[in-house]
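Chains as they are written, first to last, in our numbering: chain A, 1 to 244; chain B, 1001 to 1244; chain C, 2001 to 2244; chain D, 3001 to 3244.
Number of protein chains: 4
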Amino acid sequence: MNGDTDALITSPDPLHPANHICSLCHKFYGFGWVTGTGGGISIKHADHVYLAPSGVQKELMEPKDIFVMDFRTKEYLRRPKVLKPSACTPLFMAAYTHRGAGACIHTHSQWAVLVTLILESGAQHHPSHGKDVFCMKEIEQIKGISRGGTGSQEIAEGGRKLGNLGFYDTMMIPVIENTAHEEDLKDTLEKAIGEWPETCAVLVRRHGLYVWGKDVAQAKTQCESLDYLFQLAVEMHKLGLKWI
Amino acid sequence: MNGDTDALITSPDPLHPANHICSLCHKFYGFGWVTGTGGGISIKHADHVYLAPSGVQKELMEPKDIFVMDFRTKEYLRRPKVLKPSACTPLFMAAYTHRGAGACIHTHSQWAVLVTLILESGAQHHPSHGKDVFCMKEIEQIKGISRGGTGSQEIAEGGRKLGNLGFYDTMMIPVIENTAHEEDLKDTLEKAIGEWPETCAVLVRRHGLYVWGKDVAQAKTQCESLDYLFQLAVEMHKLGLKWI
Amino acid sequence: MNGDTDALITSPDPLHPANHICSLCHKFYGFGWVTGTGGGISIKHADHVYLAPSGVQKELMEPKDIFVMDFRTKEYLRRPKVLKPSACTPLFMAAYTHRGAGACIHTHSQWAVLVTLILESGAQHHPSHGKDVFCMKEIEQIKGISRGGTGSQEIAEGGRKLGNLGFYDTMMIPVIENTAHEEDLKDTLEKAIGEWPETCAVLVRRHGLYVWGKDVAQAKTQCESLDYLFQLAVEMHKLGLKWI
Amino acid sequence: MNGDTDALITSPDPLHPANHICSLCHKFYGFGWVTGTGGGISIKHADHVYLAPSGVQKELMEPKDIFVMDFRTKEYLRRPKVLKPSACTPLFMAAYTHRGAGACIHTHSQWAVLVTLILESGAQHHPSHGKDVFCMKEIEQIKGISRGGTGSQEIAEGGRKLGNLGFYDTMMIPVIENTAHEEDLKDTLEKAIGEWPETCAVLVRRHGLYVWGKDVAQAKTQCESLDYLFQLAVEMHKLGLKWI
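This is the structure:
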C-alpha cells in the first residue's frame, strides 16, 4: 500500500509537512520534549493531516514513518505498516476541529509536569480555579502567546479580542487530569478547549502539554514561550516567589 | 591479531554493532552519561557480544576500539591491544544471560546518583523496601518502561504480564550498594535481577545505572525514560513533593 | 524596493553585519536567550544600523530578513516587506547615541529575569539602591565587564577610568521597570544610561537584558559574562549566599 | 615575525597541539567552562609549550592565535602580534615544572566557583582543613582522578602510591584565595601543589579551577570528572546532604 501513497510524504521541500515534522522532532528531542519516544507533533495541510507515529525514537524519524489522514473522512490515506499511529491523534484533531489550528505539538517537558505537580500540592494556586489552571502575569514572554492559540479566537463573553496577550494580561492555561490511556483524554481536553476560549494550550497533570497554532511556526514558538514560562515558574517557586 | 579480526568490526552499515556503539557513545557523552571515561555500552548480536573498552573518551570512540566476545565460550574474539575491556563486562553478561537482553547501557548520570543519595538519607523511602528501591507512579513517562526490560519477562508470582508499565503501575527499580571494584557488583546485581523480575534496570548507590532492553532501541529509550524520571524525582524532592 | 537594497545585506563575508546577525541569532537561540521569537540584536557599521526583525524564529533568520537604517537620518534604507522592525530599535539607538556602542544585544534570559524578581522580593538588595540595581563583587568573571560597556566611557565624577572592572570593583547594573509596550522603555532606559555611566547594560524587570559593546565581540562576550553572573547569582541565592 | 614561526602552529594533524587547543576550546565553550573569554588551556609538546591567548572568544580560536614558548628558556618562540599571552601562563608552567604535566586546563565553571563559595560560608567543611579544601568520598566518579594529576606522583610521606584514586579514598582538592591579578596566584598555587602531592588540581576561590594531566586526554577527562563532582556536590548541598 505504501508504494501508492509515498507521494504524500515525498518532497524536496524542507517545509513539506512530512519533512518538517521530522526536522522538528529532531530539534524537540534536543530540548528534552520528546525523550524516550514520548510526545508528538502533527501538521494539517489543507485536508491532509500529517502525524508522527507512536513509540519511535523522535530524533531518528524519517518521512517514510509519517501517517497521513484525510481531515474530512478521518480515514488514513497512508499507514506505515510496522508502526502504530500516535495515541495523541484524537487530541490533535480536537485542536484542528475546535480551534482551526494548523499544527499541534505534544511534549512531556519536565517543566510542564512540575508545574502541574506544584499546583496539585496546593503550594501555588489560583484564587478561583485552585489547582486546575496555571496562571502567570507581568512576565514579558507572555506576549509570545496568542489568544486562543491562533490569535483570532472568538471570546465567549460577547466581545472579541484578537492577537497576542499583553504584559498586563493574565495568561491562564487549564490543567486536566491524566487517564490510563492517552486517547481517553479527548473528552476532558475538548471540554477544556470549550471552557477556556483564550487558551492556546492544555496541560495534562503528571503528563505534559498540548499546544497549537494557526501554523507550525506559531505552534512551535508558543510551545517555546510556554516551556520558558513553565521553567521560570518552577524556578520562581524554588525561590519562594508567587506566580500571580 | 587484530588484522584477522577487524572484519568483526568493519561495516558500512551505521547500525552494525561496532558503528552503533560508537555513535551512541558520542550521543551519551552529550547527555553527561559517560563523562570522564565513565559508563559504557554493549550490544549482543547473535552470539557476538560487542563491548566498549574501559577508560577511553567516549565521544572519540571508533570501531577499532571495540572488543568482541563469544557469548557461548566467553572468550574474546577481538581484543584491541592497547585497551582494557570494560569492567562492566560481567554485569552486561548478567542482563544477556538472565533476561535475554540484546543491549545494555551503563551511565554515571548525576540524576541516578542523586536519587540513590536521597534514598540513603531516608528523606524519601518505600514503606517496605526503605532505601533499597526507587519507586514512582502516576507519571506518564513510566509508560516508556517495559516489564523486565524486554516486555516479555516471566513474573515470579505464577501469572505473566507482558508489555510496558501502565500509568497506574508502580515502577520499582532496585538499588544495590557500590563496591570498590566494578566487577564485584556481579553477585548483588544478579541477585537484584532475580528478586525483581519486573525491573528493566538496577541502580548502584553513589555510582550510576545499569539498564537493558531486547535491542538497542529499547535499551536506549528506557535509559532516556529512566533518566527523565530520576531528574524529575530530584526536582520533586527539591520542591518538597513525595515520589509515591 | 528590496531589489534595490539587497546589496546592503549581501556579502560572502561571514562577519558582514547581515550575516553576523544571523549566525549570532542561531547561537543565542541555543543559549535560550531569544526563545519564542523574543530578544534581538543590532550591529552599527559606519552609519548603517543593521537590525533583526520582530517576531521571527531567531534560529531560522536569514540576511534577507534584516532591516537597515541610516544612523543620521533615522530612515530605513531597507525594509523587508512582510516583516516588522524590532520594537527594541529605539533602545538599541540609545546605546549607539549615548555610549558610542557598535553593537547591542537584547535577551530574555531566564537568569536575568530571575535576578530582577529576587531583587523585587527584597530577599537580596543594595544598601542604597534597594531593588533597582544588581550588584556583585569579588567574582573573577566580573573582570569580563568593561566600564561603560566600551571601556572608554567618561565617568561623571570628573575623573576618568578606562578598561574593564577589576576583581575588587563592585559591578552595578541598573534595573528599570517594564512597560506594556517595548518602545516605551526608551525614556527610562536612557535615564538609566545617563545615571550609571559605568554600566555596560540595563536590566528590565520581568523582561530581560540590554547590553552593548564597542563592537560585536565585546557586546557578545559581555552578554556571556553577565549571563554567567546572573546564573551564579540565582544559584547563590538558592544556597543562601549574599551577592555583596 | 610570525611568517618565520607559523611552521610551529601549522599541521594537518588534528592532534597537533595548535589544532588540538582550538578544538578543545570550542568544546569547552559548549560546556560553559570558558564563556566570556574566561579560562584557558595549554599543551606541552617536548620543549614547546603551546598557549591559548588572553581575552579572545574561545569558540572562534584558530591555530594562528596560539603562542609558543620554549620550556627551557621561557622565551616566546611565537607571539601573535595583536594578542596578549594568557595571564595563566605562570600557573600552567607550575604544573609543567612541579608535576611533570603535559597539559593544563583552566576553567571558570560555575560549579567550581559555587563549591568554593559553599566552603567559604562554612555550610560544608573539612574537620581539619575547614574552608580550604574540597573533599568527597564514596562516589564512583572519583575513580576518574589520578594521584598527583598524572598517576605517578611521589607522595611526601615516604611511600609511593600510583594510579587513580579508589572508591573508598578521599579526594582532596586544595582551595586558594583569589588575587586582583591572575599572575599573582603563582606563589600560592605553587605552595598548594607542594603541600598536596596527591592533588590533580587547585581550586581558586570565587574564580575557577586549574587541573592538569600527563597528557591532554588525562587533563581533559580529569577536568570532566571534577566538574561532574563539583556539580554533584552543589546539588547534594541543595538537598541537605553532606559531602563527607
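Ideal Cβ placement from N, Cα and C applies to all residues, glycine included.
Same chain only: Cβ atoms within 7 Å of residue i, ignoring 5 sequence neighbours per side
i         : result
Phe2134/C : Val2115, Leu2119, Ile2173, Val2175 and Leu2203
Ala2233/C : Val2115, Met2136 and Trp2243
Ala3156/D : Unreliable positioning characterises Ala3156/D in this predicted model, as indicated by a pLDDT of 46, which lies under 50. A coordinate reading is not provided.
Contact list for residue i against chain C, beta-carbon separation under 9 Å
i        : result
Arg166/A : Note that residue 166/A is Gly in the sequence shown here, rather than Arg. Ala2180 and His2181, listed in chain order.
Residue-chain proximity (residue i, chain A), Cβ-Cβ < 8 Å
i         : result
Leu2188/C : According to the sequence as given, residue 2188/C is Thr; it is not Leu. It does not; no Cβ of chain A falls within 8 Å.
Thr1005/B : no
Any non-hydrogen atom of the ligand MN within 7 Å of residue i CB
i         : result
Phe1028/B : Of the ligands one can find in the structure shown there are none, so the ligand MN has no counterpart to examine.
Residue i: contacting residues in chain B (beta-carbon distance under 8 Å)
i         : result
Gly3144/D : Gly1036, Thr1037 and Gly1038
Leu3239/D : Leu1114, Leu1117, Ile1118, Ser1121, Ala1123, Val1234, His1237 and Lys1238
CB contact check: residue i to chain C, cutoff 8 Å
i         : result
Ala87/A   : no
Ser3249/D : Since the displayed chain D opens at 3001 and closes at 3244, residue 3249/D lies outside it and no answer follows.
Arg3152/D : One point to set straight first is that residue 3152/D is Ser, not Arg, in the sequence displayed. It does not; no Cβ of chain C falls within 8 Å.
Cβ-based neighbour list, residue i, same chain, cut-off 6 Å, excluding 5 preceding and 5 following
i         : result
His1098/B : Ile1193
Glu3183/D : Ala3087 and Pro3090
Lys44/A   : Tyr96 and Gly102
Per-residue contacts from residue i into chain D (C-beta, under 9 Å)
i         : result
Tyr2228/C : Gly3032, Thr3035, Gly3036, Gly3038, His3108 and Gln3110
Partners in chain C for residue i, counting only beta-carbon separations shorter than 7 Å
i         : result
Arg3079/D : The premise fails here: Arg3079/D is roughly 21 Å from chain C at the closest Cβ pair, so nothing lies under 7 Å.
Cα-Cα separation, residue i to residue j
i         : j         : result
Asn3164/D : Gln1222/B : 32 Å
Pro56/A   : Ile41/A   : Sequence check: residue 56/A is Val here, not Pro. Looking at the two C-alpha atoms, the distance is approximately 12 Å.
Thr37/A   : Lys27/A   : 14 Å
Pro1017/B : Val1049/B : 9 Å
Asn2/A    : Trp33/A   : Residue placement at Asn2/A is flagged as unreliable, the pLDDT there being 49, under the threshold of 50; the coordinate-derived value follows with that caveat. When rounded, the distance between both Cα atoms is 29 Å.
Met2093/C : Cys2200/C : 14 Å
Trp2212/C : Gly2148/C : 9 Å
Lys3143/D : Trp3111/D : 19 Å
Ile9/A    : Leu1185/B : 50 Å
Lys1058/B : Leu2060/C : 32 Å
Asp1065/B : Phe71/A   : 52 Å
Ala2217/C : Thr2150/C : 11 Å
Thr3107/D : Gly3039/D : 5 Å
Tyr3076/D : Leu3051/D : 10 Å
Met2236/C : Pro1127/B : 35 Å
Ala3123/D : His3129/D : 14 Å
Asp2215/C : Leu2083/C : 26 Å
Tyr1029/B : Phe1067/B : 20 Å
Asp2047/C : Asp2004/C : 18 Å
Ala139/A  : His2181/C : Inspection of the sequence shows that residue 139/A is occupied by Ile rather than by Ala. Looking at the two C-alpha atoms, the distance is approximately 12 Å.
Thr73/A   : Phe167/A  : 42 Å
Contact with chain B by residue i, beta-carbon distance below 8 Å
i         : result
Gln57/A   : yes
Gln3141/D : yes
Gln3231/D : yes
Glu3177/D : no
Amino acids of chain C, ordered along the chain, whose beta-carbon sits closer than 8 Å to that of residue i
i        : result
Met236/A : Leu2114 and Leu2117
Other residues of its chain near residue i: CB distance less than 8 Å, five sequence neighbours each side excluded
i         : result
Ser109/A  : Phe31, Gly32, Trp33, Gly208, Leu209, Asp227 and Phe230
Asn3178/D : Leu3185, Val3204, Arg3205, Arg3206 and His3207
His125/A  : Leu119 and Lys131
Pro14/A   : His20 and Ser23
Residues that residue i contacts on chain B, provided the C-beta gap is smaller than 7 Å
i         : result
Ser54/A   : Those within 7 Å of Ser54/A in chain B number zero; the least Cβ separation is about 11 Å.
Thr3221/D : Gly1036, Thr1037 and Gln1057
Within chain B, the residues that residue i reaches when beta carbons sit closer than 9 Å
i         : result
Ser3225/D : Thr1035, Gly1036, Thr1037 and Gly1038
Supposed contact pair residue j and residue i - C-beta distance, whole angstroms, cut 8 Å
i         : j         : result
Pro1063/B : Pro1080/B : Not really, about 10 Å apart at Cβ, beyond 8 Å.
Ile2145/C : Ser2225/C : 6 Å
Lys3238/D : Lys1238/B : 6 Å
Leu2117/C : Leu3117/D : Wrong, their Cβ atoms sit about 21 Å apart, outside the cutoff.
8 Å Cβ cutoff, residue i in contact with chain D
i         : result
Glu2075/C : no
Partners in chain A for residue i, counting only beta-carbon separations shorter than 8 Å
i         : result
Glu1138/B : Asn178 and Arg206
If the cut-off is 7 Å on Cβ atoms, which residues from the stretch 2187–2217 of chain C count as contacting chain E, listed in chain order? This model lacks chain E altogether; the protein chains it does include are A, B, C and D.
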